[in-house]
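For the sequence shown, counting from 1, position 2 maps to 48 in my numbering; every step adds exactly one.
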Amino acid sequence: MADMGKEVTVARVSGKLEVKRHLEDLGFVTGSKITVVQSHDGDMIVKVKDARLAITREMASKIWVEEMKA
């Protein structure tokens, strides 16, 4: 999980093929930058490619992130 307001990089996306494709279609691809805008009980709003998206805790758990390298 990423801290709110901190920009991170997508390291990988896990899950079944259709889930991975759906997340990739939304912009969650390896190397993309995302920021958690808001989080409530695991569900969150994230900024990815200049768009804000709401994702569930279950979907968020499929997205592996790493801190941005300086």
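In this text, a Cβ means the ideal position worked out from N, Cα and C, and glycines have one as well.
Take L69, set aside five residues on each side of it, and the residues of its chain with a beta-carbon closer than 8 Å to its own are V59, G61, M105, K108, I109, in chain order. Positions of the alpha helix (DSSP H) runs, each at least 4 residues long and wholly inside the region 50-81, are given as 63-72 in order along the chain. E53 is a Cβ neighbour of K79, given a cutoff of 7 Å.
The three-state secondary structure of A48, taken from DSSP, is coil. Of the other Cβ atoms in all chains shown, 16 or more fall within 10 Å of the Cβ of A48; this residue is therefore buried.
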